[in-house]
Amino acid sequence: MAPLVIPPPLRPGATVRVIAPASPFDRTLALCGMAFLGERYRVELDWRIFERDGFLAGSDRRRREELESALQAPHVAAVLAARGGYGITRIASEIDFRVLREAPKWLIGFSDVTALHVEAQAVGVASMHAHHAAGLGRGDAHARERWIAALEEPLLPRTLRGKALRPGRARGPLVGGNLTVLFTCAVTGRWRMPKGAILALEDVTEASYRIDRMLSALRLGGHLSGVAGVALGGFTDCTPGIYRVPVEQVLARELEALGVPVVTGLPFGHDLPNDPLLLGAEAELDADEGLLRLGALA
Numbered sequence: 007m008a009p010l011v012i013p014p015p016l017r018p019g020a021t022v023r024v025i026a027p028a029s030p031f032d033r034t035l036a037l038c039g040m041a042f043l044g045e046r047y048r049v050e051l052d053w054r055i056f057e058r059d060g061f062l063a064g065s066d067r068r069r070r071e072e073l074e075s076a077l078q079a080p081h082v083a084a085v086l087a088a089r090g091g092y093g094i095t096r097i098a099s100e101i102d103f104r105v106l107r108e109a110p111k112w113l114i115g116f117s118d119v120t121a122l123h124v125e126a127q128a129v130g131v132a133s134m135h136a137h138h139a140a141g142l143g144r145g146d147a148h149a150r151e152r153w154i155a156a157l158e159e160p161l162l163p164r165t166l167r168g169k170a171l172r173p174g175r176a177r178g179p180l181v182g183g184n185l186t187v188l189f190t191c192a193v194t195g196r197w198r199m200p201k202g203a204i205l206a207l208e209d210v211t212e213a214s215y216r217i218d219r220m221l222s223a224l225r226l227g228g229h230l231s232g233v234a235g236v237a238l239g240g241f242t243d244c245t246p247g248i249y250r251v252p253v254e255q256v257l258a259r260e261l262e263a264l265g266v267p268v269v270t271g272l273p274f275g276h277d278l279p280n281d282p283l284l285l286g287a288e289a290e291l292d293a294d295e296g297l298l299r300l301g302a303l304a
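First residue of the sequence shown: 7, per this note's numbering; consecutive thereafter.
Structural data, given as structure tokens:
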């Protein structure tokens, strides 16, 4: 496997291209987020990002061409999604992501943007699981500060604190993101868990039986056979459903079957603060202390 490529740190004045590869989004929040970024960086966008096609931000063709253009633009240092939602898995397989390795740049986002993190992983380029433009538009000072720090000093050591679900320690490349999107990418053949990696997972508005369905299918299908540890973020508004089974119970049961260290309650996902995760790079999971260590490790 080729060595991991980490895109250059984002510098003040660098160009950030905002795209809408998934669902429509709150225009006011996105513009507020872009205004904040514009104080430090040069922000570009095509005003067609505000198009709507049902639950998509425009046609598949519009969104695919926009993403391809951003990946190929030599002056663009980072590609930031306006929002997640749904739709990237419809177009990602039609794009040649090898250009990302030839001219590395940051892919930034979470939720549905997990599909882009999967493609970056496949070509050996690090990416950043972090707030979209609309998320930055909410004005949370802590979240904005962490976003800038992570992109401008991606290898700066950082520690996220949660709590132990299954004790032990693991070290390896950090991969993952949204469980539903990872499940979709696995089904379509776009993603498989690298051996020895730490898997980060989060999700939103899924009933607990659906979480069970996805995790058990990934496990039984061999997609999780190489996992070294699991880092769980928020499972926001994931309800007990009609069977009244808490999602925490499902996660504990399914992940116990993997026999690896697990830390839960880490601050990433659809709730604030959604701390950035440097995907692809080495991380250390200390489930004895409930910690996930990122950046340059000793």
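Note that CB positions come from ideal geometry on N, CA and C, so glycine has one too.
Quiz item: Can the beta-carbon of Leu-283 be found closer than 7 Å to that of Val-233?
Solution: no
Quiz item: Taking Arg-67 as the reference, which of Pro-160, Gly-90 and Ala-28 has the closest Cα?
Solution: Ala-28
Quiz item: Helix, strand or coil: which one does DSSP assign to Trp-112?
Solution: strand
Self-check item: Proximity winner among Arg-250, Ala-98, Pro-246 and Leu-230, relative to Asp-118 (alpha-carbon distances)
Solution: Ala-98
Quiz item: Among Ile-248, Phe-274 and Val-236, which has the Cα closest to the Cα of Asp-294?
Solution: Val-236
Quiz item: Roughly how many whole angstroms lie between the Cα atoms of Asp-281 and Pro-14?
Solution: 20 Å
Quiz item: Where does Tyr-249 land, buried or exposed, given buried means 16+ other C-beta within 10 angstroms?
Solution: exposed
Quiz item: Does DSSP classify Met-134 as helix, strand or coil?
Solution: strand
Quiz item: Where Tyr-92 and Thr-245 are concerned, what is the direct C-alpha to C-alpha distance, given to the nearest angstrom?
Solution: 20 Å
Quiz item: Can you tell me whether DSSP reads Leu-300 as helix, strand or coil?
Solution: strand
Quiz item: Are at least three pairs of beta-carbons, each pair with one atom in the region 288 to 302 and one in the region 165 to 182, less than 8 Å apart?
Solution: yes
Self-check item: For Arg-172, the first and last residue of its enclosing beta strand (DSSP E)
Solution: 169 to 172
Quiz item: What residues in its chain sit with their C-beta under 7 Å from that of Ile-94, if we drop five residues either side in the sequence?
Solution: Pro-27, Ala-28, Asp-118, Val-119, Ala-121 and Leu-122
Practice problem: Assign Gly-270 to buried or exposed, taking buried as 16 or more other Cβ atoms, counted over all protein chains shown, within 10 Å of its Cβ. | Solution: Correcting the residue identity first, residue 270 is Thr in this sequence and not Gly. Buried, because 16 or more other Cβ atoms sit within 10 Å of the Cβ of Thr-270.
Exercise. Would you check whether the ligand HEM has a heavy atom nearer than 6 Å to the C-beta of Gly-93?
Key: Ligands displayed in this structure: none; no statement on the ligand HEM is therefore possible.
Exercise. Please determine, among Ala-128, His-137, Val-82 and Glu-158, the residue with the shortest C-alpha to C-alpha distance to Pro-179.
Key: Ala-128
Self-check item: Residue range of the alpha helix (DSSP H) that includes Thr-95
Solution: Element bounds for Thr-95: n/a, residue is neither H nor E.
Practice problem: Compare the Cα-Cα distances from Pro-80 to each of Val-266, Gly-60, Met-40 and Leu-106 and report the closest residue. | Solution: Leu-106
Quiz item: How would you call Trp-53, buried or exposed, if buried means at least 16 neighbouring beta carbons within 10 angstroms?
Solution: exposed
Exercise. Within its chain, find whatever has a CB closer than 6 Å to the CB of Val-256; leave out the 5 residues flanking it on each side and keep chain order.
Key: Ser-214, Ile-217 and Asp-218
Self-check item: Residues near Asp-243 by beta carbon distance below 7 Å, same chain, minus five either side
Solution: Val-210 and Thr-211
Quiz item: For Pro-160, does the count of other Cβ atoms within 10 angstroms reach 16, so buried, or fall short, so exposed?
Solution: buried
Exercise. In the DSSP assignment, find the unbroken beta strand (DSSP E) run with Glu-254 in it and report its ends.
Key: Glu-254 -> not in any beta strand (DSSP E); alpha helix (DSSP H) instead, spanning 253 to 262.
Self-check item: Burial state of Leu-259 (16 or more Cβ within 10 Å)
Solution: It is Arg, not Leu, that sits at residue 259 in the sequence shown. Arg-259 should be labelled exposed.
Exercise. Give a yes or no on whether the C-beta atoms belonging to Pro-30 and Ala-63 are separated by under 7 Å.
Key: yes
Practice problem: Give me whichever residues DSSP pairs with Thr-165 in a beta bridge. | Solution: Arg-299
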